[in-house]
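As numbered in this note's numbering, residues -8 to 132 make up the sequence shown, in order.
We treat Cβ as the ideally placed atom computed from N, Cα and C, and that holds for glycine.
Note that the structure is predicted; figures quoted are calculated from it, not measured.
For reference, the structure is listed below as structure tokens.
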Amino acid sequence: MSDYRTTRTPGIYIRHEKACPTSSETSARCRCTPSFRARRRDLGWSPTFKSREEAAEWKSSAAARAEHVQRASTAITFGDLARKWWAGIEDGSVGKRKGRKGDGYSPTTLAGYERSLCKTLLREFENERATDLDAARWQSW
């Protein structure tokens, strides 16, 4: 993306044609039809657009899409997350430490986790939204 340069609008980038005097860092006026792209950290780069307004529209609609996805993810319950975590432990994709997927838990640790998860935590929190379980909720429990 080195051909694209920042504009005054945050997250909107412009690229001039090679023959354009503006592309060579001079103070000359633009004589080309530049292309525009937008960028969001969570979604990456947009397709190329012919106008700044189209790129800005993509960026704002991308923000709405990201918000919609975030709202949908808040509907996940503690029970759903716990079962996904447990399935990851059983198939080996979740390890003891970050970056060490192959390093599994010992059988006694797994037995203790399963006992705590199934007999205590799921009974109490299974149907609660995962986003509602903050530090204060855990402490009060």
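For Ser26, there is no enclosing alpha helix (DSSP H); the residue is part of the beta strand (DSSP E) that begins and ends at 26 to 31.
With respect to the 8 angstroms criterion, Glu45 and Cys23 are not classified as neighbours on the basis of their beta carbons. Phe69 and Glu105 do not touch by the CB rule: their CB atoms are close to 16 angstroms apart, not below 8 angstroms. Within the DSSP secondary-structure output, Ile3 pairs in a beta bridge with Ala29.
For the set Gln130, Trp77, Ile67, Gly79, the Cα lying nearest the Cα of Arg120 is the one of Ile67.
Approximately 5 angstroms separates the beta-carbon atoms of Arg30 and Gly2; this is inside 8 angstroms, confirming the contact. Ser107 sits exposed, since fewer than 16 C-beta atoms from the chains shown fall within 10 Å of its C-beta. DSSP, read as helix, strand or coil, puts Thr122 in helix. In the DSSP assignment, Arg(-4) forms a beta bridge with Ile5. Counting other Cβ atoms within 10 Å of its Cβ, Arg128 stays below 16 and is therefore classed as exposed.
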